[in-house]
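So the sequence lines, in the order shown, correspond to chains A and B.
Per the numbering used here, the first sequence runs over residues 1 to 190.
Per the numbering used here, the second sequence runs over residues 1 to 190.
To keep things clear, I will list the structure first and then write my remarks on it.
Number of protein chains: 2
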Amino acid sequence: MKKEGRKDEILKVAARLFKKKGYAAVTMRDIAKALDIKAASLYNHISSKQEILKMIIISIAEEFTEEMNVIYTNDVSSIEKLKKIVALHVNIAYKNSYGMASLNNDWMHLEEQLEYYLELRNSYEDNFRSIIKEGINANEIIHGNTEIMLFSILSTLRSLYLWIPKKEELKSEELVNNLNQVLIDGIRNH
Amino acid sequence: MKKEGRKDEILKVAARLFKKKGYAAVTMRDIAKALDIKAASLYNHISSKQEILKMIIISIAEEFTEEMNVIYTNDVSSIEKLKKIVALHVNIAYKNSYGMASLNNDWMHLEEQLEYYLELRNSYEDNFRSIIKEGINANEIIHGNTEIMLFSILSTLRSLYLWIPKKEELKSEELVNNLNQVLIDGIRNH
DNA sequence: GTCTATAAGCAGATAGAC
DNA sequence: GTCTATCTGCTTATAGAC
Chain A
1 MKKEGRKDEI LKVAARLFKK KGYAAVTMRD IAKALDIKAA SLYNHISSKQ EILKMIIISI
61 AEEFTEEMNV IYTNDVSSIE KLKKIVALHV NIAYKNSYGM ASLNNDWMHL EEQLEYYLEL
121 RNSYEDNFRS IIKEGINANE IIHGNTEIML FSILSTLRSL YLWIPKKEEL KSEELVNNLN
181 QVLIDGIRNH
Chain B
1 MKKEGRKDEI LKVAARLFKK KGYAAVTMRD IAKALDIKAA SLYNHISSKQ EILKMIIISI
61 AEEFTEEMNV IYTNDVSSIE KLKKIVALHV NIAYKNSYGM ASLNNDWMHL EEQLEYYLEL
121 RNSYEDNFRS IIKEGINANE IIHGNTEIML FSILSTLRSL YLWIPKKEEL KSEELVNNLN
181 QVLIDGIRNH
């Protein structure tokens with residue numbers, strides 16, 4: 001229960017602007033204007049523009065990596081693990097569509113935290129890759145190209161933030177079910 | 001056969017830098033430095049930074065829209081049309097991985113051409129959506145949520161530019177075949 | 001076709017008043 | 001906690017010499 005209401009407000013507004021134009025094209029004056037204060041006032045709450053980006057990205061990246069570790073060590077089939085990964089992405093994209101945009105598009109503008117971010121991302125992708133490989137070995141998943149399967153599913157999941165805000169009428173569980181079907185069983189009718 | 005060698009060189013170098021850091025974070029000095037000239041010299045070949053972005057994005061967007069129109073009016077099954085779309089994306093991503101990054105991430109920085117770009121994109125997506133719907137009506141494609149199928153496939157195809165440069169050992173046709181399988185028939189083993 | 005010099009404005013960030 | 005005023009450096013772009 002920290003009394004950081006104003007700081008959180010800054011992060012929220014900044015993330016919304018970063019999604020629209022990208023980190024580099026958003027100025028401190030833009031962020032201040034959206035909060036109806038002057039740019040200098042922002043520095044009473046945050047130390048730099050860079051700190052805003054760091055806070056937005058690292059918290060989400062850590063959440064993904066931690067949850068992926070839980071899923072990876074779950075005692076269920078590989079297909080069930082994939083379904084849990086889909087649900088994780090849908091859940092975070094619903095909670096934090098703005099932050100997801102920065103995570104996907106502005107991570108390269110991280111300075112001190114860039115290496116740490118890349119470690120988190122690699123850890124996440126390594127676990128994802130291992131789950132697919134285990135699924136292949138258990139004959140749950142086709143004996144195809146692991147990297148292409150990983151890339152294909154991950155591309156869709158990473159793009160959810162672009163799409164969810166436009167389709168708010170769609171319930172979260174319904175989206176998860178539809179994505180599971182499309183990503184795992186494909187779209188061809190048999 | 002225009003004698004625009006230098007201009008093309010500028011566009012190529014700029015696209016490479018835009019892919020790495022995004023349009024807004026790349027300065028005219030960055031582009032000039034990569035060409036080993038001074039920033040002022042760029043203006044002998046192009047009129048503004050904005051013109052560089054416009055040239056990179058609009059040419060690719062027009063290519064996608066034109067080719068999609070050809071595919072849409074082809075006299076083949078819907079599944080075959082989808083396979084042609086996959087091949088189109090793989091082909092362009094191989095030819096122009098750098099430009100694809102700007103098309104995906106920097107279109108919002110277009111000024112005069114923004115509306116035109118959105119028209120091209122909408123035309124492309126409308127044709128894609130129609131192909132899926134025709135496939136459903138013809139019982140070639142499952143009776144699922146059209147928007148989710150469209151979104152899922154398009155997310156993967158739009159992200160190809162991120163992935164192709166790292167996997168140059170993979171042949172284009174092999175990538176097309178693997179993507180067709182994963183996107184259309186899914187990854188589950190039966 | 002490239003250069004130097006420079007204009008005019010905007011960027012992130014700080015100091016100190018209230 | 002927000003303000004005004006300001007610093008310093010970087011931005012796109014132009015003018016004119018070579």
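A virtual CB, placed ideally from N, CA and C, is assigned to each residue, including glycine.
The structure presented is a predicted model; accordingly, all values stated were derived computationally and were not measured.
Item to check | Continuous alpha helix (DSSP H) assignments of at least 4 residues falling wholly in the stretch 55-121 of chain B | outcome: 78-95 and 97-105
Item to check | Residues of the stretch 35-52 of chain A whose Cβ lies closer than 8 Å to any Cβ of chain B, in chain order | outcome: none
Checklist entry - Under the three-state reduction of DSSP, which class applies to residue 132/A: helix, strand or coil? => result In the first sequence, the residue the question calls residue 132/A occupies position 132. Here residue 132/A sits in helix by DSSP.
Item to check | Own chain residues within Cβ distance below 7 Å of residue 53/B, not counting five before or after | outcome: Numbered from 1 along the second sequence, position 53 holds the residue referred to as residue 53/B. Taken in chain order, the residues that qualify are 23, 102, 106, 109 and 110.
Checklist entry - For chain A, is any of its Cβ atoms less than 8 Å away from the one on residue 109/B? => result Stepping through the second sequence from its first residue, residue 109/B is reached at position 109. At least one chain A Cβ lies under 8 Å of residue 109/B.
Checklist entry - Hey, would you say residue 68/B sits closer than 8 Å to residue 49/B, going by beta carbons? => result Mapped onto the second sequence, residue 68/B falls at position 68. Mapped onto the second sequence, residue 49/B falls at position 49. Not in contact: residue 68/B and residue 49/B (Cβ atoms no closer than 8 Å).
Item to check | Simplified DSSP assignment, three categories, for residue 31/A | outcome: Indexing the first sequence from 1 puts residue 31/A at position 31. Here residue 31/A sits in helix by DSSP.
Item to check | Segment contact flag, the stretch 111-127 of chain A with the stretch 53-66 of chain A, C-beta cutoff 8 Å, min 3 pairs | outcome: The answer is yes - the stretch 53-66 of chain A touches the stretch 111-127 of chain A, with three or more Cβ pairs under 8 Å.
Checklist entry - Is residue 128/B close to chain A, meaning its C-beta is less than 8 Å from at least one C-beta of that chain? => result Working through the second sequence from its first residue, we reach residue 128/B at position 128. So, not an interface residue.
Checklist entry - Roughly how many angstroms lie between the CA atoms of residue 170/B and residue 91/B, to the nearest whole one? => result Sequence index remark: in the second sequence, residue 170/B carries index 170 (1-based). Sequence index remark: in the second sequence, residue 91/B carries index 91 (1-based). Roughly 13 Å separates the two Cα atoms.
Checklist entry - From residue 156/B to residue 168/B, what does the alpha carbon distance come to, in whole angstroms? => result Position 156 of the second sequence, counting from 1, holds the residue named residue 156/B. Position 168 of the second sequence, counting from 1, holds the residue named residue 168/B. The straight-line gap from Cα to Cα measures roughly 18 Å.
Checklist entry - Residues of chain A with a CB under 7 Å from the CB of residue 182/B: which are they? => result Position 182 of the second sequence holds residue 182/B. 144, 148, 149 and 152, listed in chain order.
Checklist entry - Are the stretch 79-93 of chain B and the stretch 170-185 of chain B touching, with three or more C-beta to C-beta distances below 8 Å? => result Yes, the stretch 79-93 of chain B is in contact with the stretch 170-185 of chain B.
Checklist entry - Relative to the alpha-carbon of residue 127/A, which residue among 44/A, 51/A and 147/A has its alpha-carbon at the smallest distance? => result What you label residue 127/A is simply residue 127 of the first sequence in a count that begins at 1. Minimum Cα distance to residue 127/A is reached at 147/A.
Next on the checklist: Please classify residue 47/A as buried or exposed, where buried requires at least 16 neighbouring CB atoms within 10 angstroms.
Outcome noted: Position 47 of the first sequence holds residue 47/A. When all chains shown are included, residue 47/A counts as exposed.
Item to check | DSSP three-state assignment for residue 141/B, whether helix, strand or coil | outcome: Counted from its first residue, the second sequence places residue 141/B at position 141. Three-state DSSP puts residue 141/B in a strand.
Next on the checklist: Comparing C-alpha positions only, which one of 117/A, 98/A and 186/A sits nearest to residue 16/A?
Outcome noted: One-based indexing of the first sequence puts residue 16/A at position 16. When each option's Cα is compared against that of residue 16/A, the closest is 98/A.
Next on the checklist: When you compare the CB of residue 22/B with every CB in chain A, is at least one pair closer than 8 Å?
Outcome noted: Working through the second sequence from its first residue, we reach residue 22/B at position 22. Cβ-Cβ to chain A under 8 Å: yes for residue 22/B.
Checklist entry - Between 42/B, 63/B, 144/B and 141/B, which lies nearest to residue 9/B when the distance is taken from Cα to Cα? => result The residue you call residue 9/B lines up with position 9 of the second sequence. Per the Cα distances, 42/B.
Checklist entry - In chain order, what residues of the same chain have a beta carbon less than 8 Å from the beta carbon of residue 74/B, not counting five sequence neighbours either side? => result Position 74 of the second sequence, counted from the first residue, corresponds to residue 74/B. The beta carbon of residue 74/B lies closer than 8 Å to those of 80, 81 and 84 in the same chain, with the five residues before and after it left out.
Checklist entry - Are any of the Cβ atoms in chain B nearer than 8 Å to that of residue 156/A? => result What you label residue 156/A is simply residue 156 of the first sequence in a count that begins at 1. So yes, residue 156/A belongs to the interface.
Checklist entry - Does residue 159/B get closer than 8 Å to chain A when you measure Cβ to Cβ? => result Numbered from 1 along the second sequence, position 159 holds the residue referred to as residue 159/B. Taking Cβ atoms only, chain A reaches closer than 8 Å to residue 159/B, which makes this a yes.
Checklist entry - Expressed to the nearest angstrom, what Euclidean distance is found between the alpha-carbon atoms of residue 30/B and residue 93/B? => result Counted from its first residue, the second sequence places residue 30/B at position 30. Counted from its first residue, the second sequence places residue 93/B at position 93. Approximately 24 Å, taken between the alpha carbons.
Checklist entry - Counting contacts by CB-CB distance shorter than 8 Å, is residue 179/B in contact with chain A? => result Numbered from its first residue, the second sequence carries residue 179/B at position 179. Residue 179/B counts as touching chain A.
Checklist entry - Any residues in the stretch 78-106 of chain A with a beta carbon nearer than 7 Å to a beta carbon of chain B? Which ones, in chain order? => result 79 and 105
Checklist entry - Any Cβ of chain B within less than 8 Å of the Cβ of residue 31/A? => result Against the first sequence, residue 31/A aligns to sequence position 31. No - not a single Cβ of chain B is within 8 Å of the one on residue 31/A.
Checklist entry - Within the 8 Å Cβ cut-off, does residue 186/A reach chain B? => result Counting from 1 along the first sequence, the entry for residue 186/A is found at position 186. For residue 186/A, the answer is yes, since a Cβ of chain B falls inside 8 Å of its Cβ.
Checklist entry - Going by DSSP, what residues sit across from residue 188/B in a beta bridge? => result In the second sequence, the residue the question calls residue 188/B occupies position 188. Bridge partners of residue 188/B: 141/A.
Checklist entry - In chain B, which residues lie with their C-beta within 9 Å of the C-beta of residue 25/A? => result By one-based count along the first sequence, residue 25/A stands at place 25. Within chain B, the residues near residue 25/A are 22, 23, 24, 25, 108 and 109.
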